[in-house]
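Residue numbers (our numbering), protein chains in the order written: chain X, 1 to 401; chain R, 402 to 744.
Below you'll find the structure, written out as structure tokens, and then a few comments.
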Amino acid sequence: MLGLNKKDTSLLIIVAILTLLAPFILNPFPTDSAMAQFNAGYPDLMQRFVIFGIFAIGFNILFGLTGYLSFGHAAFLGVGSYSAVWMFKLLSYNVIPAIALSVVVAGLFSVLIGYVSLRRSGIYFSILTLAFAQMSFALAYSVLSNPKFNLTNGETGLQVYADDPQILQGANAPDLPHLFGLPMRATYTMDVGAWSFDFNAGYYLCAVIMMVVFYLAIRIFRSPFGMMLRAVKSNQQRMNYTGLNSKPYTLAAFVISGMYAGLAGGLMAAMDPLAGAERMQWTASGEVVLMTILGGTGTLIGPVLGAGFIKYFENIFSKINDNVLHSWFAFLPDGLEDAVVFIIHPFIGKGWHLTLGILFMLVVIYLPGGLVEGGQRLLNWIRRKSVGGDDTREGKTEPAE
Amino acid sequence: MDAILLQILNGLDKGSAYALIALGLTLIFGTLGVVNFAHGALFMIGAFCAVTLQKIFNLSYEVIDETQTDFLGNPLKVKTPYVESWFGPELGATIIDWSVPLAILFAIPIMLMVGYVMERGLIKHFYKRPHADQILVTFGLAIVLQEIIKYFFGANPIQTPPPAALSGSVDLGVALGFDPNAIIYPIWRLVYFLFAVVIIGGVFSFLQFTTFGMVVRAGMADRETVGLLGINIDRRFTIMFGIAAAVAGLAGVMYGPLNPPNYHMGMDFLVLSFVVVVVGGMGSLPGAVLAGFLLGILESFASTTWATTTIPGINQIIIYLVAIIVLLTRPRGLMGRKGVMEE
């Protein structure tokens with residue numbers, strides 16, 4: 001289907017089903033139950049899942065395929081957000097031109113940065129992209145917000161004001177981001193017994209776009225172009241010796257992933273018409289690296305998993321506090337309960353970053369393939385266990401090799 | 402002329418910090434071939450050594466003094482630091498006053514330990530893995546260290562004042578033959594610069610004039626051959642990692658009075674220090690020091706009103722601009738050695 005082989009088609013269909021049914025899947029607990037805090041099916045969080053999913057898919061096209069580790073991808077996200085908000089300010093609250101411009105501007109920006117950065121490889125490339133991103137952050141944060149030429153509105157962040165031109169804004173169009181009159185915040189809540197499910201217009205827009213770009217990513221991974229990028233990763237020198245100029249390929253990959261980041265930034269602004277410089281800071285670039293590595297570099301589904309994983313646990317961990325912990329461990333004797341809560345305390349609430357850092361280190365050390373590799377290992381292990389009798393046979397054949 | 406000199410002086414303190422951190426980074430890179438993204442965190446841990454020592458010195462017990470009363474007429478509770486009761490009020494007060502310089506002695510063993518544990522516990526397992534993995538795992542470690550410090554010390558900056566004798570400013574203009582009041586310079590910045598010079602000189606002479614340093618230099622040039630000569634080079638490189646950590650830590654200890662330490666100061670410096678290392682040339686120790694001071698001074702020149710009115714915001718981006726230009730025109734950096742990180 002759509003030029004994909006059977007395996008990829010089923011992967012795409014699975015992803016499509018999961019994203020479209022996300023409001024059900026992410027809300028498994030009744031609203032009033034104690035477990036309701038583990039529900040993730042509210043619009044804001046679901047939007048973040050897919051938006052960061054798009055960002056990570058794009059980053060993976062660069063890092064997963066070519067092996068170039070960019071530490072400045074958040075700059076494109078920020079540029080995308082800024083251009084989308086400018087579209088809201090100048091034209092109208094319709095999200096289509098905003099998203100289109102954010103992709104285009106981020107693309108142009110990444111051509112510029114990529115052309116310069118890709119002249120070096122390895123750690124130099126990482127540091128160059130880092131330097132560019134920090135420079136963009138500094139520019140957006142202070143320089144480009146002077147009264148004469150206010151492009152970014154500095155610390156406050158760019159937002160739409162009542163006196164902005166908005167030349168195409170219709171008289172009865174909603175006064176917030178919308179898609180031809182359908183506001184992004186429109187949410188239909190369906191109550192089924194004790195459960196309630198939210199269907200949000202913004203989420204579905206993001207979800208559809210994510211499926212499209214996921215499909216594109218599959219096509220890129222399977223194309224001759226994708227093969228060329230993998231060849232760059234495995235041995236660029238040999239590629240050069242065969243007389244091939246690998247630079248256009250890496251630049252194309254860089255620009256594509258920059259456009260993905262711009263798209264994510266544009267969508268972020270479309271969900272909440274605000275753009276701030278902190279989106280470009282290098283910690284934000286680090287976050288997308290974490291997502292990709294955690295999910296599984298170079299795999300198709302990994303980055304999406306990683307993005308979902310990080311955003312979900314960020315949300316859950318920040319919510320848990322000592323009282324919740326006490327109620328969980330109430331079955332333990334008093335002294336032991338306090339001790340357990342005391343030990344867990346630094347890792348929850350505001351300590352989420354500590355947990356994330358430790359988790360990330362563990363993944364890099366023990367599981368370089370990320371969650372996808374972990375899943376595969378687990379599957380293999382289960383398969384071996386369930387077959388049982390095969391174990392001995394395998395054990396016998398191994399020494400013969 | 403005096404204006405130029407003032408800007409050079411203004412750049413020295415930041416330049417010293419850059420130079421010290423970049424020196425440590427280069428030591429680690431040159432010996433172990435590891436790109437250490439957690440080096441900024443070591444700088445921060447050093448600064449928090451000073452904070453800890455200051456807290457220890459200020460540990461007090463309360464005595465109810467019957468002779469004094471507060472405004473309600475109740476007997477006044479007087480807090481006396483233990484240090485003052487042990488060493489007498491005068492010496493005790495001096496010790497508390499000098500807590501930042503004393504923290505150097507406190508920080509050296511701690512930083513050596515931290516460096517040793519870090520190398521043996523984590524970095525050791527990453528020699529054979531690609532640079533990207535090294536970057537990623539040390540990046541994760543930096544996050545963890547930063548969050549641990551944040552958990553114990555909170556998110557707000559903590560004041561670490563310099564000793565009273567070294568706070569305040571000195572009129573350098575008179576000493577150098579300019580008009581009075583032309584160059585007023587905070588004493589602690591001068592102290593910081595001199596301290597950095599001493600540390601840098603110490604590291605260089607350690608490498609240059611001791612047998613240990615000679616072996617390390619030989620190992621940097623050709624690790625395998627040194628190993629074949631029956632020298633346990635890994636052990637020496639581990640110690641060098643500890644020394645590099647100590648250099649970063651000491652830079653942090655003394656930086657506290659210039660800028661109150663907070664948990665993310667390491668990250669702020671790390672990015673710039675990497676830029677400094679690249680500009681100086683990967684693996685070149687003199688290059689790192691030179692580039693550190695150069696970029697610090699350049700940043701200070703870019704912060705003058707003249708520069709910022711000509712090109713708004715130039716002070717924010719100058720270092721990155723220079724780095725980009727250097728990397729594109731002289732990929733090896735100012736003093737980079739051939740064959741280091743050139744694939």
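The beta-carbon is built from N, C-alpha and C at its ideal position, and this holds for glycine as well.
CA-CA distance, R/Ile644 to X/Asp322, rounds to 41 Å. Excluding sequence positions up to five before and after X/Gly226, its CB lies within less than 8 Å of the CB of Leu65 and Ile220, all in the same chain and listed in chain order. The region 370-381 of chain X and the region 350-358 of chain X do not touch, with fewer than 3 CB-CB distances between them shorter than 8 Å. Here R/Gly688 has Gly681, Gly682, Gly734, Leu735, Met736 and Gly737 as same chain residues with Cβ atoms under 7 Å from its own Cβ, once five neighbours each way along the sequence are excluded. As far as DSSP is concerned, R/Lys415 takes part in no beta bridge. When C-alpha distances from R/His665 are compared across R/Lys478, R/Phe449, R/Pro531 and R/Ile524, the shortest belongs to R/Phe449. By the rule that beta-carbons nearer than 9 Å mark a contact, X/Pro183 does not touch chain R. The three-state secondary structure of X/Thr187, taken from DSSP, is strand. Listed along chain R is no residue with a C-beta nearer than 8 Å to that of X/Asn321; the closest approach is about 15 Å. Nearest CB-CB separation between X/His73 and chain R: not below the 9 Å threshold. Annotation: the continuous alpha helix (DSSP H) that includes R/Pro687 extends over Leu686 to Ala703. Look at X/Ala277: its C-beta is not under 9 Å from any C-beta on chain R. If you look at R/Thr481, you'll find it in the beta strand (DSSP E) that goes Pro476 to Pro482. Inter-residue distance for R/Ala708 and X/Leu112 is about 26 Å (C-alpha atoms, whole angstroms).
When Cβ-Cβ separations below 9 Å define contact, R/Asp534 makes contact with chain X. In the three-state scheme derived from DSSP, where H, G and I count as helix and E and B as strand, X/Tyr312 is classed as helix. Three or more Cβ pairs drawn from the region 240-255 of chain X and the region 58-72 of chain X lie within less than 8 Å of each other, which places the two stretches in contact. Three or more Cβ pairs closer than 8 Å define a contact, and the region 70-79 of chain X meets that threshold against the region 104-120 of chain X.
Nothing from the region 203-231 of chain X brings a Cβ to less than 8 Å from some Cβ of chain R. In the structure shown, X/Ile113 falls within a helical segment according to DSSP collapsed to helix, strand and coil.
Per DSSP, the continuous alpha helix (DSSP H) segment holding R/Pro510 begins and ends at Ser500 to Gly522. In the displayed model, X/Asp334 falls within a helix according to three-state DSSP. The C-beta separation of X/Val288 from X/Ala138 comes to about 20 Å, leaving the pair out of contact by the 8 Å criterion. DSSP places R/Tyr462 inside the beta strand (DSSP E), whose first and last residues are Ser461 to Thr470. Residue pairing of X/Leu182 in beta bridges, as defined by DSSP: X/Leu179. By the 16-neighbour rule on beta-carbons within 10 angstroms, R/Thr427 is buried.
C-alpha of X/Phe214 to C-alpha of X/Leu18: approximately 13 Å in a straight line. Within 7 Å of the CB of X/Met361, the CB atoms of chain R belong to Val538, Gly541, Leu542 and Val545, in sequence order along the chain.
Distances from the alpha-carbon of X/Val212 to those of X/Ala36, X/Met46 and X/Gly53 put X/Gly53 closest.
For R/Ser570, the enclosing beta strand (DSSP E) stretches over residues Ser570 to Asp572.
Interface residue (Cβ-Cβ distance to chain R less than 9 Å): X/Tyr124 is classified as such. Looking at R/Phe596, R/Leu460, R/Gly447 and R/Gly425, the one whose alpha-carbon comes closest to that of R/Ser685 is R/Gly425. Straight through space, the alpha carbons of X/Leu128 and R/Thr626 are spaced by roughly 34 Å.
Just measuring C-alpha positions, the residue of R/Ala724, R/Gln560, R/Thr468 and R/Ser704 sitting nearest R/Asn660 is R/Gln560. For X/Asp198, the uninterrupted beta strand (DSSP E) segment begins and ends at Trp195 to Asn200. For X/Ile25, not one C-beta of chain R is nearer than 9 Å to its own C-beta.
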